[in-house]
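Following my numbering, the numbering of the sequence shown begins with 3 at its first residue and continues without gaps.
Backbone N, C-alpha and C fix where the C-beta goes; we use that ideal spot for every residue, glycine too.
Just so it is clear, the structure is predicted and the values come from calculations on it, not from any experiment.
The structure under discussion appears below in the form of structure tokens.
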Amino acid sequence: MKVTLKRMVMSAALLGAAALTPAQAAIKGEVVKYSVDGQEFTGYIAHDTSISGKRPGVVVVHEWWGHDAYARKRADLLAARGYTAIALDMYGTGKQADHPKTAGAFMKEAIASSDRMRARFQAAYIELLQHATVNPDKTAAIGYCFGGKVVLDMARLGVDLDGVVSFHGNLTPIEKAKRGVTKAKVRVFNGADDKFVKPESISSLRAEMARAGVDYKIVNYPGAVHSFTSPSSTERGKKFKLPLAYNAKADGDSWRQTMNFFDEIFK
């Protein structure tokens, strides 16, 4: 796998992130251009310049809409908590969907094989590991919707991560977890009323994780539906007549639990 890299440093504010608090004012973002098998991808690395020394690194995998401001905002939030985070790109530079059909096509192409999915994830993961601020021995990944599936599959395939967190993700495995291979701790935050995740998928995941001896936890939020962490999901749901909606309570609690999880795995 041949990877090339180009970085451009800019402030998080210029990238359209949410209003910064004083503690976040030292956050810097780096736009990372790299290639996988001849195709260009665009990622975004965020870190807090007021912190010295190395720190844990976290990969953020976007929703099926593609690499966007929401994924970058999550990277900024992680940077504000003392991590260095990369919001990766699974589709390729410029591939952002504005319609579910386009998003579905992009997603299908990205996960056509476990090798392709893993190569695209690991290209960005390597950039994170090589960042001057990152402790390569302390890493995790989080993902939303499509991204939730990606991080779960990376854990299943044995990518060297301390933990992964899936938010309203697809739970169907590209390959099932295996004892001795799947070593990352797993956390899954799901909307109990998510029409895209059937109860049997939850049961299957529990059985799969238990068979593989994985440290896992699944949290189901009553009343929450698909894409509950994204403030834009309610509008998108109405626009495309899809069962999507933001749920502030589930969003806040899942983020709090994720931060506690990171405190645990990065001790």
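Asked	Found
Cβ-Cβ separation, Lys-219 to Arg-189 (assumed contact under 8 Å), whole Å	5 Å
Own chain residues within Cβ distance below 6 Å of Ile-144, not counting five before or after	Val-62, Val-167
Residues near Ser-229 by beta carbon distance below 8 Å, same chain, minus five either side	Glu-65, Tyr-146, Cys-147, His-170, Ser-235, Arg-238, Gly-239, Leu-246, Ala-247, Tyr-248
Whether Thr-51 touches Ala-71 by CB criterion (9 Å)	no
Met-92 Cβ short of 8 Å to the ligand GDP heavy atom set	Summarising the ligand content, the structure contains no ligands, and the ligand GDP is consequently not present.
The segment 100 to 119 touching the segment 147 to 160, judged by at least three CB pairs closer than 8 Å	yes
C-alpha gap between Ala-87 and Thr-260, whole angstroms	14 Å
Contacts around Trp-67, its chain only, beta-carbon distance under 6 Å, and the 5 residues preceding and following it disregarded	Ala-99, Ala-105
Beta carbon of Lys-187 nearer than 9 Å to that of Gly-165	yes
Through-space distance from Ala-125 to Tyr-36, alpha-carbon basis	8 Å
Where Phe-43 falls, given that 16 or more other Cβ within 10 Å makes a residue buried	buried
Buried/exposed call for Lys-97, threshold 16 Cβ in 10 Å	buried
Endpoints, alpha helix (DSSP H) assigned at Gly-239	235 to 242
Beta-carbon proximity list for Met-92, same chain, < 6 Å, skipping 5 on both sides	Ala-112, Arg-122
Closest residue to Leu-173 among Arg-118, Gly-84, Ser-205 (Cα-Cα distance)	Ser-205
For Phe-198: DSSP bridge partner residues	DSSP output for Phe-198 lists no bridge partner at all.
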